Amino acid sequence: LNRRLNGMGSTIFAEMSALATATGAINLGQGFPDTDGPAEIAEAAVRAIREGRGNQYPPGPGIPELRTAIAEHQQRFYGLGYDPDGEVLVTAGATEAIAAAMLALLEPGDEVIAFEPFYDSYAACIAMAGATRVPLTLRAPDFRPDLDLLRAKVTPRTRLLLLNSPHNPTGMVLTPDELTAIAELACERDLLVVTDEVYEHLVFDGTHHPIAALPGMRERTVSISSAGKTFSFTGWKVGWVTASRELVAAVRTAKQYLTYVSAGPFQYAIAEALRLPDDYYADFCADLLRKRDLLDTGLRAAGFEVYEPQGTYFITTDITPFGEKDAYAFCRALPERCGVVAIPNSVFYDDPDAGRSQVRFTFCKQDAVLADAVARLERLGG
Ligand code: PMP
Ligand code: GLN
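In this text, residue positions in the sequence shown follow UniProt numbering: the first is 7, and each later residue adds one.
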């Protein structure tokens with residue numbers, strides 16, 4: 007393994023899901039739903055396969071039906087106009103979009119400012135591009151970014167800001183004022199913004215605000231999202247990028263040599279999914295909000311310090327009330343102690359102290375599973 011990927015041997019999600027499988031524990035670690043998305047959308051994928059649509063290499067940028075549906079979604083929810091032909095790119099999940107964006111836009115030695123705790127692929131992709139990650143630490147209890155500090159971290163080497171809102175793992179959602187301040191900084195210092203908005207439809211208070219909609223931002227922003235989260239088909243790996251023609255062309259160049267194209271039949275199905283009525287999106291969010299409250303209440307009752315998330319399907323907690331401070335050790339022992347798997351946020355920080363005692367639980371699970379997990383966690387006796 008080369009030096010750039012040194013220490014990135016196995017993702018924490020794979021490690022903890024393997025632990026869940028090995029021990030039979032309830033997996034509230036990796037973020038994937040235990041109920042599939044809409045049956046008619048699954049049928050649409052089956053139909054596409056049967057009818058021979060997408061079974062051979064689809065077009066590189068994605069099938070026109072899906073690119074059109076993505077552009078319509080950006081217009082319908084945010085009033086953002088993108089040309090399906092040149093300003094939209096279909097990727098193998100948001101993960102490939104992030105990788106392709108980093109590989110396409112960064113020069114070795116460039117600096118990328120990203121929130122920490124960071125979604126794990128950010129660190130790896132920045133490293134693979136030969137660039138340097140500059141963390142802006144989000145701190146408990148509210149995980150708001152310090153915008154003065156952000157400004158101070160911009161140097162002549164800073165090439166881009168890598169944003170994530172709603173934020174995994176903390177559930178922090180950037181406010182319109184924060185987005186405006188970040189946008190102004192990006193314009194003033196001529197920075198690109200890559201924004202990971204995979205949880206765009208999981209904002210519990212108000213609505214999602216894409217930074218691309220702010221003045222001066224459309225031309226410098228690469229927006230990324232994914233069908234995995236919004237439609238509960240994480241295994242299909244359908245993601246996308248919307249951006250200016252120039253930025254999409256750059257990201258597409260890298261994507262061509264990563265996967266060439268993304269799986270065909272699922273693209274037809276997701277084109278249908280994106281056109282589901284507003285009720286689908288509202289019900290999805292309301293359902294997850296109810297689950298958030300279930301798990302939030304349960305975790306508090308079990309003795310955790312709980313940081314209520316404003317979005318995503320994750321809750322970050324602190325284990326100090328149990329007299330413990332090492333999240334990684336806690337998560338490794340948790341299946342044995344009470345039959346539950348969680349994710350230590352500590353691995354998402356460069357600063358070893360900032361997230362040392364933080365543990366993340368997902369609530370994208372059936373109510374009965376969440377109730378069972380909470381009952382088990384109560385045995386910890388915090
Ligand atoms: N970004 C964030 C913040 C995520 O939480 C995830 C996955 N769960 C991804 C990107 C990756 O999305 P995908 O599964 O579409 O590759
Ligand atoms: N994004 C999911 C999470 O945060 C996991 C995806 C993955 O395993 N790479 O749990």
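Just so you know, even glycine gets a beta-carbon here, dropped at the ideal spot from N, CA and C.
None of the values given here were measured: they were computed from a predicted structure.
Checklist entry - CA-CA distance, residue 70 and residue 258? => result Sequence index remark: in the sequence shown, residue 70 carries index 64 (1-based). Sequence index remark: in the sequence shown, residue 258 carries index 252 (1-based). Linking residue 70 to residue 258 through their CA atoms gives a straight-line distance of about 15 angstroms.
Next on the checklist: So within the region 201-260, which uninterrupted alpha helix (DSSP H) runs reach at least 4 residues, ignoring any that extend past its ends?
Outcome noted: With a minimum length of 4 residues, the continuous alpha helix (DSSP H) runs that stay inside the region 201-260 are 233-236.
Item to check | Buried or exposed by the 16-neighbour rule on C-beta atoms within 10 Å, applied to residue 87 | outcome: Looking up residue 87 in the sequence shown gives position 81. Exposed.
Next on the checklist: Quick check on DSSP: helix, strand or coil for residue 145?
Outcome noted: Along the sequence shown, read from residue 1 onward, the residue named residue 145 stands at position 139. Correct three-state label for residue 145: coil.
Next on the checklist: For the structure I just gave you, are there three or more beta carbon pairs, one from the region 260-270 and one from the region 97-112, closer than 8 angstroms?
Outcome noted: Contact between the region 260-270 and the region 97-112 is present, with at least three C-beta pairs closer than 8 angstroms.
Item to check | Inside the region 86-164 only - alpha helix (DSSP H) runs reaching at least 4 residues | outcome: If we require 4 residues or more, the alpha helix (DSSP H) runs fully inside the region 86-164 come out as 99-111, 126-134 and 153-159.
Checklist entry - Which one or two residues does DSSP pair with residue 324 in a beta bridge? => result As a position in the sequence shown, residue 324 is number 318, starting the count at 1. Answer is 311 and 364, bridged to residue 324.
Next on the checklist: Across the region 298-307 and the region 131-148, are there enough close Cβ pairs to call them in contact, namely three or more that are closer than 8 angstroms?
Outcome noted: Flag = no, the region 298-307 and the region 131-148 do not touch.
Next on the checklist: Under 7 angstroms: does the beta carbon of residue 174 sit that close to some heavy atom of the ligand PMP?
Outcome noted: Position 168 of the sequence shown holds residue 174. Distances from the CB of residue 174 to the heavy atoms of the ligand PMP include at least one below 7 angstroms.
Item to check | Residue span of the alpha helix (DSSP H) that contains residue 273, given as start and end | outcome: Sequence index remark: in the sequence shown, residue 273 carries index 267 (1-based). Boundaries of the alpha helix (DSSP H) around residue 273: 270-280.
Item to check | residue 63, buried or exposed, once every other Cβ within 10 Å from all chains shown has been counted against 16 | outcome: For the purposes of this step, residue 63 is taken as residue 57 along the sequence shown, with counting starting at 1. Residue 63 is exposed by the Cβ-count criterion.
Checklist entry - Between residue 347 and the ligand NAD, is the CB less than 7 angstroms from at least one heavy atom? => result In terms of ligand content, the structure shown lacks the ligand NAD and carries the ligand PMP and the ligand GLN instead.
Checklist entry - What residue range is occupied by the uninterrupted alpha helix (DSSP H) comprising residue 370? => result Position 364 of the sequence shown, counting from 1, holds the residue named residue 370. From DSSP, residue 370 is part of no alpha helix (DSSP H); its letter is neither H nor E.
Checklist entry - Terminal residues of the continuous alpha helix (DSSP H) containing residue 336? => result Position 330 of the sequence shown, counted from the first residue, corresponds to residue 336. From DSSP, the alpha helix (DSSP H) with residue 336 extends over 333-344.
Checklist entry - Considering residue 179, what are the terminal residues of the alpha helix (DSSP H) in which it resides? => result Locating residue 179 in the sequence shown gives position 173, counting from the first residue. Run containing residue 179: none; DSSP gives neither H nor E here.
Checklist entry - Hey, quick one: how far does the alpha helix (DSSP H) through residue 22 stretch, first residue to last? => result As a first step, residue 22 must be located in the sequence shown, where it is residue number 16. Note, residue 22: alpha helix (DSSP H), 18-29.
Next on the checklist: I'd like to know whether the C-beta atoms of residue 142 and residue 155 end up nearer to each other than 8 angstroms.
Outcome noted: Position 136 of the sequence shown, counting from 1, holds the residue named residue 142. Position 149 of the sequence shown, counting from 1, holds the residue named residue 155. A Cβ-Cβ contact shorter than 8 angstroms links residue 142 with residue 155.
Next on the checklist: For the structure I just gave you, are there three or more beta carbon pairs, one from the region 42-49 and one from the region 344-358, closer than 8 angstroms?
Outcome noted: With the cut-off at 8 angstroms, the region 42-49 and the region 344-358 do not touch.
Item to check | the region 91-109 in contact with the region 337-348 per 3-pair CB rule at 8 angstroms | outcome: As far as the Cβ criterion goes, the region 91-109 does not touch the region 337-348, which means the pair count is below three.
Checklist entry - What did DSSP end up calling residue 70 once you bin it into helix, strand or coil? => result Locating residue 70 in the sequence shown gives position 64, where the first residue counts as 1. In the structure shown, residue 70 adopts helical secondary structure according to DSSP, grouped into three states.
Checklist entry - Does the ligand GLN have a heavy atom nearer than 7 angstroms to the CB of residue 41? => result Working through the sequence shown from its first residue, we reach residue 41 at position 35. Incorrect: residue 41 has no Cβ contact closer than 7 angstroms to the ligand GLN.
Next on the checklist: Does the beta-carbon of residue 17, which I'm using as the reference point, lie nearer than 7 angstroms to any heavy atom of the ligand GLN?
Outcome noted: In the sequence shown, the residue the question calls residue 17 occupies position 11. Yes; taking the cut-off as 7 angstroms, the Cβ of residue 17 has a heavy atom of the ligand GLN nearer than that.
Item to check | Span separating the alpha-carbon of residue 126 from that of residue 350 | outcome: The residue you call residue 126 lines up with position 120 of the sequence shown. The residue you call residue 350 lines up with position 344 of the sequence shown. CA-CA distance, residue 126 to residue 350, rounds to 12 angstroms.
Checklist entry - Taking three-plus beta-carbon pairs below 8 angstroms as touching, is the region 239-251 in contact with the region 272-286? => result Yes, they touch.
Checklist entry - Relative to the ligand PMP, is the shortest distance from any of its heavy atoms to the C-beta of residue 33 smaller than 7 angstroms? => result On the sequence shown, position 27 is the one that residue 33 refers to. Result no, Cβ not under 7 angstroms from the ligand PMP.
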